[in-house]
Amino acid sequence: MRFPFSLTRSMTGYLVRKRLAREKRFPLVLMLEPLFACNLRCTGCGRVREYADWVHQRLSVEACLAALEECGAPIVSICGGEPLIYPEIGELVGQILARRKHIYLCTNGVALAEKLPLFRPCSRLFINVHLDGMEATHDAITGRPGVFAAATAGIRAAKAAGFQVCTNTTVYRQTDAQEIAVLFEYLTQLGVDGLMLSPAYGYEAVREDAAGAADDVFMTRPEIEEKFRDLRRLVGGRRLVTSPVYFDFLCGHRPLQCAAWANPTYNVCGWKGPCYLITDRHHETYRELLDATDWDRLGPGRDPRCEHCLVHCGFEPAAVLSAKGRDLARMAVWQMT
Ligand code: SF4
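Start counting the sequence shown at 1257; every next residue gets the next number (my numbering).
Here it is as structure tokens:
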């Protein structure tokens, strides 16, 4: 199975309840950013730029749990910033698991081996390590030698300790699809349980880097579609956790309408609206984010800021929620294999 049975069962039950209640918009994944501080400064990371003034602040565990309670999402993606340098990360993960939620603990992996004793393996916990290429490429993107070695050492240690580990790879304009095939072979040998691919497109927070250095790594929609058609040919048979419907969209083979409301972002400034990537304002509550945002005016063809966006947290939920008939069957087969 692509995801543990517990995740499939809890998501199916949750979706059925929401459908029966005829709720039009509801959360699937809470993007929880307990802090913005990080031990790296990677090419393409918007957070260290957009939230530079808040980098020394962090959410309390109580505030994180209150946000989760308020929105009720069945899955929490703990991101940031680097969550493993959040001082209360062990307690936060334990408290969320105690509430029977599923967690993607997103990390650059640098401190993973050292911090593993803070956690216990659980079918509802995935450690999600960011790796953008093999050693030379990844160290260049993260701006520091030794990051690839530390992250892969962390993956080995986590697998040896019985954790579920997946990886997330951002695909830039310069990314060599063949290198991603080599990377995925390597990660498969390490026993990684799932491989995720994300396209890099230039949104406000990264395009407006004062140095202007990051500009040329971001792709336009046609570039993303071409790159992902290559990737599908090279790595389509791997254990991808990118759904087949979303992958079709990434290849330009089908349209999807953005469902950013399903993956809301909560951080020290509040509920980030309208989405993970662009910021109009921060809201005090998830309900206020839902009610105050004109969702029908967002998305490619509607808002110029969305024109090249194919981001996972906006369109993977759209793929899941829109799947019917043959697509639903494809999703079921994908999950079962
Ligand atoms: S398409 Fe959706 S996820 Fe992408 S930038 Fe626009 S609102 Fe955000």
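Ideal placement from N, C-alpha and C gives every residue a C-beta, glycine not left out.
_For residue 1530, the first and last residue of its enclosing beta strand (DSSP E)_ = Looking up residue 1530 in the sequence shown gives position 274. From DSSP, the beta strand (DSSP E) with residue 1530 extends over 1526-1530.
*Could you give the distance in angstroms between the alpha-carbon of residue 1312 and the alpha-carbon of residue 1290?*
On the sequence shown, position 56 is the one that residue 1312 refers to. On the sequence shown, position 34 is the one that residue 1290 refers to. Going from the Cα of residue 1312 to the Cα of residue 1290 covers about 11 angstroms.
*For the putative contact between residue 1352 and residue 1374, defined by C-beta atoms under 8 angstroms, what is the C-beta separation to the nearest angstrom?*
Residue mapping note: residue 1352 aligns to position 96 of the sequence shown, counting from 1. Residue mapping note: residue 1374 aligns to position 118 of the sequence shown, counting from 1. With a Cβ gap of about 13 angstroms, residue 1352 and residue 1374 do not count as contacting.
*Under the rule that 16 or more other beta-carbon atoms within 10 Å means buried, what is residue 1213, buried or exposed?*
This structure leaves residue 1213 out entirely; the chain is present only between 1257 and 1593.
*Would you mind sorting residue 1356 into buried or exposed? The rule is 16 or more other CB atoms within 10 Å of its CB.*
Within the sequence shown, the letter at position 100 stands for residue 1356. With fewer than 16 other Cβ atoms within 10 Å, it is exposed.
*Expressed to the nearest angstrom, what Euclidean distance is found between the alpha-carbon atoms of residue 1470 and residue 1299?*
The count along the sequence shown starts at 1 and reaches residue 1470 at position 214. The count along the sequence shown starts at 1 and reaches residue 1299 at position 43. For residue 1470, the predicted structure reports a pLDDT of 49, less than 50, and the residue's modelled location is therefore unreliable. The matter cannot be settled from this model.
*Kindly list the residues whose CB is nearer than 7 angstroms to the CB of residue 1341, restricted to its own chain and excluding five residues on each side of it in sequence; keep chain order.*
Here residue 1341 refers to the residue found at position 85 when the sequence shown is read from its first residue. Here the set comprises 1293, 1295 and 1367.
*Simplified DSSP assignment, three categories, for residue 1512*: Along the sequence shown, read from residue 1 onward, the residue named residue 1512 stands at position 256. Note: residue 1512 maps to coil in three-state DSSP.
_When you compare the CB positions of residue 1483 and residue 1431, do they come within less than 9 angstroms of one another, or not?_
Taking the sequence shown and counting its residues from 1, one reaches residue 1483 at position 227. Taking the sequence shown and counting its residues from 1, one reaches residue 1431 at position 175. Yes, Cβ-Cβ distance for residue 1483 and residue 1431 is below 9 angstroms.
*With respect to the beta strand (DSSP E) encompassing residue 1475, which residues constitute its N-terminal and C-terminal limits?*
Locating residue 1475 in the sequence shown gives position 219, counting from the first residue. From DSSP, residue 1475 is part of no beta strand (DSSP E); its letter is neither H nor E.
*Using a Cβ-Cβ cut-off of 7 angstroms (strictly less than) and excluding sequence neighbours within five positions of residue 1418, which residues of its own chain qualify?*
The count along the sequence shown starts at 1 and reaches residue 1418 at position 162. Closer than 7 angstroms at the Cβ level, and outside the excluded window around residue 1418, lie 1377.
*Whole angstroms is fine: what's the gap from residue 1511's alpha carbon to residue 1354's?*
Counted from its first residue, the sequence shown places residue 1511 at position 255. Counted from its first residue, the sequence shown places residue 1354 at position 98. Answer to the nearest angstrom: the Cα atoms are 38 angstroms apart.
*asked:* Quick check on the DSSP output: the alpha helix (DSSP H) that includes residue 1271 runs from which residue to which?
replied: As a position in the sequence shown, residue 1271 is number 15, starting the count at 1. Unbroken alpha helix (DSSP H) run through residue 1271: 1261-1276.
_Just checking residue 1337 against the ligand SF4 - is the residue's beta carbon closer than 8 angstroms to any of the ligand's heavy atoms?_
Translated into the one-based positions of the sequence shown, residue 1337 becomes position 81. No, Cβ of residue 1337 sits at least 8 angstroms from all heavy atoms of the ligand SF4.
*By a C-beta neighbour count over all protein chains shown, 10 Å radius and 16 as the cutoff for buried, is residue 1365 buried or exposed?*
Looking up residue 1365 in the sequence shown gives position 109. Looking at its Cβ environment, which holds 16 or more other Cβ atoms inside 10 Å, residue 1365 is buried.
*Complete runs of the alpha helix (DSSP H) confined to the region 1274-1351 [at least 4 residues]*: 1303-1306 and 1317-1327
_Under 8 angstroms: do the region 1474-1491 and the region 1525-1539 share three or more Cβ pairs, one atom per stretch?_
no
_Give me the DSSP bridge partner(s) of residue 1363._
Residue 1363 sits at position 107 when you count from the first residue of the sequence shown. Residue 1363 pairs with 1385.
*asked:* Would you say the beta carbon of residue 1505 is closer than 8 angstroms to some non-hydrogen atom of the ligand SF4?
replied: In the sequence shown, the residue the question calls residue 1505 occupies position 249. Checking every heavy atom of the ligand SF4 against the Cβ of residue 1505, none is found closer than 8 angstroms.
*Can you tell me the Cα-Cα spacing of residue 1309 and residue 1524, whole angstroms?*
The sequence position of residue 1309 within the sequence shown is 53, counting from 1. The sequence position of residue 1524 within the sequence shown is 268, counting from 1. Cα-Cα distance, rounded: 11 angstroms.
*asked:* Let me check you understand the geometry: is the CB of residue 1263 closer than 8 angstroms to at least one non-hydrogen atom of the ligand SF4?
replied: Start at 1 with the first residue of the sequence shown, and residue 1263 comes out as number 7. No; taking the cut-off as 8 angstroms, the Cβ of residue 1263 has no heavy atom of the ligand SF4 nearer than that.
_So that I know if they touch, is there some Cβ in chain E lying closer than 9 angstroms to that of residue 1266?_
The question asks about chain E, but that chain is absent: this structure has only one protein chain.
*Look up residue 1453 in the DSSP assignment and give the residues it is bridged to.*
Residue mapping note: residue 1453 aligns to position 197 of the sequence shown, counting from 1. Looking at the DSSP assignment, residue 1453 forms a beta bridge with 1425.
*Given residue 1395, which residues of its chain have a CB within under 8 angstroms of its CB, disregarding the five upstream and five downstream residues?*
Looking up residue 1395 in the sequence shown gives position 139. Only 1401, 1402, 1403 and 1404 meet the Cβ criterion.
*If you draw a straight line from the alpha carbon of residue 1436 to that of residue 1277, how long is it in whole angstroms?*
Indexing the sequence shown from 1 puts residue 1436 at position 180. Indexing the sequence shown from 1 puts residue 1277 at position 21. In a straight line, the C-alpha of residue 1436 is about 42 angstroms away from that of residue 1277.
*Which residue from 1288, 1442 and 1455 puts its Cα closest to that of residue 1428?*
Walking along the sequence shown from the start, residue 1428 turns up at place 172. With distances taken between Cα atoms, residue 1428 lies closest to 1455.
*Answer with buried or exposed for residue 1392, where buried requires no fewer than 16 other C-beta atoms within 10 angstroms of its C-beta.*
Mapped onto the sequence shown, residue 1392 falls at position 136. It is exposed - the Cβ of residue 1392 has fewer than 16 other Cβ atoms within 10 Å.
*Under 8 angstroms Cβ to Cβ from residue 1262, same chain only, skipping five residues before and after it: list those, please.*
Counting from one through the sequence shown, the residue named residue 1262 turns up at place 6. Closer than 8 angstroms at Cβ, skipping near neighbours: 1358, 1379 and 1380.
*Going by the beta-carbon positions, is the gap between residue 1457 and residue 1575 smaller than 9 angstroms?*
As a working note, residue 1457 is residue 201 in the sequence shown. As a working note, residue 1575 is residue 319 in the sequence shown. No. Outside cutoff.
_Rounded straight-line distance, which links the Cα of residue 1563 to that of residue 1320_ = Mapped onto the sequence shown, residue 1320 falls at position 64. Mapped onto the sequence shown, residue 1563 falls at position 307. C-alpha separation (whole angstroms): 32 angstroms.
*Assigned secondary structure, residue 1550 (DSSP; H/G/I helix, E/B strand, else coil)*: In the sequence shown, the residue the question calls residue 1550 occupies position 294. Coil.
*Taking the DSSP output, what are the residues bridged to residue 1420?*
Working through the sequence shown from its first residue, we reach residue 1420 at position 164. Looking at the DSSP assignment, residue 1420 forms a beta bridge with 1382.
*Return yes when the Cβ of residue 1349 is within less than 9 angstroms of the Cβ of residue 1363, no when it is not.*
Numbered from 1 along the sequence shown, position 107 holds the residue referred to as residue 1363. Numbered from 1 along the sequence shown, position 93 holds the residue referred to as residue 1349. Not in contact: residue 1363 and residue 1349 (Cβ atoms no closer than 9 angstroms).
_Helix, strand or coil at residue 1568 [DSSP, three-state]_ = Indexing the sequence shown from 1 puts residue 1568 at position 312. Helix, per DSSP.
*Between residue 1407 and residue 1561, what straight-line distance do the alpha-carbon atoms span, to the nearest angstrom?*
The sequence position of residue 1407 within the sequence shown is 151, counting from 1. The sequence position of residue 1561 within the sequence shown is 305, counting from 1. Using only the alpha carbons, I get a separation of about 33 angstroms.
*Kindly list the residues whose CB is nearer than 6 angstroms to the CB of residue 1566, restricted to its own chain and excluding five residues on each side of it in sequence; keep chain order.*
Taking the sequence shown and counting its residues from 1, the one referred to as residue 1566 is at position 310. The answer, listed in chain order, is 1455, 1480 and 1506.
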